[in-house]
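Numbering (the working numbering), first residue to last: 385 to 625.
Laid out in structure tokens, this is it:
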């Protein structure tokens with residue numbers, strides 16, 4: 385838990401989530417998918433939730449992830465920022481698992497999160513951490529870090545057009561580890577950084593998310609404009625209901 389949290393942030397956490405911080409953590413133990421990456425990257429990456437959402441790799445341009453130490457386990461380092469003018473020649477990689485009904489929340493409560501480390505020098509116009517679906521062609525839920533400011537944001541897109549975004553008021557691109565959570569409960573859509581609510585907005589309770597696209601981590605695919613994540617990633621999880 386961060387020591388920089390203010391009293392208003394604590395109050396807002398209780399107001400938005402309806403529970404204290406400890407209860408909020410306990411509420412995310414019933415995972416639909418969870419990846420701690422402690423098994424490395426050889427072959428398929430196991431879903432630690434036991435629900436079988438095994439991750440495979442899609443890549444181009446020599447894109448690969450590298451295992452690095454994190455706490456008592458491991459994390460995955462994604463390709464660094466590429467300076468080539470022709471982005472199709474840059475390394476691209478995403479970790480993906482096929483769509484299942486359990487990953488489509490509809491209008492139910494939804495929470496997803498990750499631990500990230502991203503240096504200021506590695507910021508780009510768009511880096512996707514975890515998502516399911518595309519904003520332009522289907523419904524979507526997504527966590528991302530966009531722009532030089534390095535402020536993470538959460539995105540929901542329903543069956544009807546219209547992107548609903550909540551952006552963190554603080555940056556996380558300082559070369560240190562940060563935990564990020566996106567929470568949707570009823571009409572409340574919230575982003576939590578290091579245990580502190582850093583953004584909240586109201587959305588329609590009828591906003592529904594369901595698509596046949598894969599769960600994707602580290603980018604939306606392996607193509608040229610895949611919004612490649614370019615830091616280190618660990619402890620990715622999804623909870624529905």
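Each residue gets a CB set at the ideal place from its N, CA and C atoms; glycine is no exception. Note that the structure is a prediction, hence the values are computed from the model and not measured.
Distance, Cα to Cα, residue 416 vs residue 422? 18 Å
How should residue 482 be labelled, buried or exposed, when 16 other C-beta atoms within 10 angstroms of its C-beta is the threshold for buried? exposed
Contact under 7 Å by Cβ, residue 565 with residue 625: no
Return helix, strand or coil for residue 400, following the three-state DSSP convention. Summary for residue 400: the model assigns pLDDT 41, below 50, so the residue's position carries little reliability; its value from the coordinates is reported in the next sentence. Looking at residue 400 - three-state DSSP - the assignment turns out to be helix.
Nearest-angstrom beta carbon gap, residue 600 and residue 516 [assumed within contact, 8 Å]: 7 Å
What does DSSP give as the partner residue(s) for residue 595 in the beta ladder? DSSP output for residue 595 lists no bridge partner at all.
Spell out a yes or no on whether the region 569-586 and the region 501-521 are touching, meaning 3 or more CB-CB pairs, one atom from each, closer than 8 Å. no
Closest to residue 446 by CA distance: which of 587, 452 and 466 is it? 466
May I have the straight-line CA-CA distance separating residue 607 from residue 473, to the nearest angstrom? 10 Å
What is the DSSP secondary structure of residue 485, reduced to helix, strand or coil? helix
By DSSP's criteria, residue 526 is part of a beta bridge. Which residues make up the other side? 515 and 539
Alpha carbon to alpha carbon, what distance is there between residue 546 and residue 538? 14 Å
Using the beta-carbon count (16 or more within 10 Å), is residue 615 buried or exposed? buried
How many Å lie between residue 558 and residue 528 at the Cα? 16 Å
Distance, Cα to Cα, residue 541 vs residue 588? 11 Å
Beta-bridge partners of residue 500, as assigned by DSSP: 562 and 617
Should residue 507 go down as buried or exposed, given a rule of 16 or more other Cβ atoms within 10 Å for buried? buried
Proximity to residue 518 [Cα-Cα], best of 622, 611, 553 and 463: 611
Between which two residues does the beta strand (DSSP E) carrying residue 552 extend? Element bounds for residue 552: n/a, residue is neither H nor E.
On a Cα-Cα basis, can you pick out the residue from 567, 596 and 590 that is closest to residue 583? 567
What does DSSP give as the partner residues of residue 458 in its beta bridges? 453
Do you know whose CA, among 609, 579, 623 and 456, lies nearest residue 563's CA? 579
C-alpha distance - residue 470 paired with residue 464, whole-angstrom precision: 15 Å
Would you list the one or two residues that DSSP bridges to residue 534? DSSP, once it has assigned bridges, lists no residue as partnering residue 534.
CA-CA distance, residue 617 and residue 590? 32 Å
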